[in-house]
Amino acid sequence: MAKTAIAYKEKMKEISVLSFICSCLYPETHKNIMGDFEDMDIKPINKRASGQAFEVILKPTSPVSDAAHCVTTPPKRDVSLEDIQKKLEAAEERRRSQEAQVLRALAEKRDHERDVLLKAMEENSAFSRMAEEKLQVKMEHIEENRQAYLAAIMERLQERVRTRGVVAAHLLL
Numbered sequence: 020m021a022k023t024a025i026a027y028k029e030k031m032k033e034i035s036v037l038s039f040i041c042s043c044l045y046p047e048t049h050k051n052i053m054g055d056f057e058d059m060d061i062k063p064i065n066k067r068a069s070g071q072a073f074e075v076i077l078k079p080t081s082p083v084s085d086a087a088h089c090v091t092t093p094p095k096r097d098v099s100l101e102d103i104q105k106k107l108e109a110a111e112e113r114r115r116s117q118e119a120q121v122l123r124a125l126a127e128k129r130d131h132e133r134d135v136l137l138k139a140m141e142e143n144s145a146f147s148r149m150a151e152e153k154l155q156v157k158m159e160h161i162e163e164n165r166q167a168y169l170a171a172i173m174e175r176l177q178e179r180v181r182t183r184g185v186v187a188a189h190l191l192l
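Take the sequence shown: its position 154, counting from 1, is numbered 173 in our numbering, and each next residue is one higher.
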């Protein structure tokens, strides 16, 4: 049991965590990367609610696989000043583009708000004009009714004065 744990620790040192995770997520590359290690077998278990589960099986070390396995990392590319400058310029261009996009969105939002306010003001003024016209018509109608009422009262009053004048004239005779 101790030998298997030691072998497991050695293999884990040799394999980077990232390549181990990638080999678990992408089974087709798993066989290529992990093919060199005969004493380790990874089997996917049924998918769990929390994610994917794997079972790591360590085989006993064989005398043939005692040789040290070296996982070579890809050679680092020399980064030149021009490459760095190009990347910085590309990043600056992306930043400007994103900033312009945000400003366009804000301008569109402002235009929409202005259009909404103009429409509300037009509707408000139309409502005010209509209400004022209705009020004017109503006031004219009330004035006409008042004039008609006063004319009727004056007519009745004159009628009474005439009838009383006739009665008074009869009395005097």
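Ideal Cβ positions, reconstructed from N, Cα and C, are used throughout, including at glycine. Since this is a predicted model, take the numbers as computed values, not measurements.
Pairwise C-alpha distance: residue j and residue i
i: LYS106; j: VAL135; result: 43 Å
i: ARG175; j: GLU152; result: 35 Å
i: ARG183; j: LEU169; result: 21 Å
i: GLN177; j: GLU162; result: 22 Å
i: PHE146; j: ALA139; result: 10 Å
i: HIS160; j: ARG148; result: 18 Å
i: GLU142; j: ARG129; result: 20 Å
i: MET158; j: GLN166; result: 12 Å
i: ARG133; j: PRO93; result: 58 Å
i: ALA150; j: ASN164; result: 21 Å
i: GLN117; j: ASP97; result: 30 Å
i: GLN104; j: GLU112; result: 12 Å
i: VAL180; j: SER144; result: 53 Å
Residue i (DSSP reduced to helix, strand or coil)
i: LYS138; result: helix
i: LYS95; result: coil
Candidates the options: closest to residue i by CA position
i: GLU101; options: ALA109, PRO94, VAL186; result: ALA109
Residue(s) in a DSSP beta bridge with residue i
i: LYS153; result: None, per the DSSP bridge assignment.
i: LYS62; result: GLU74
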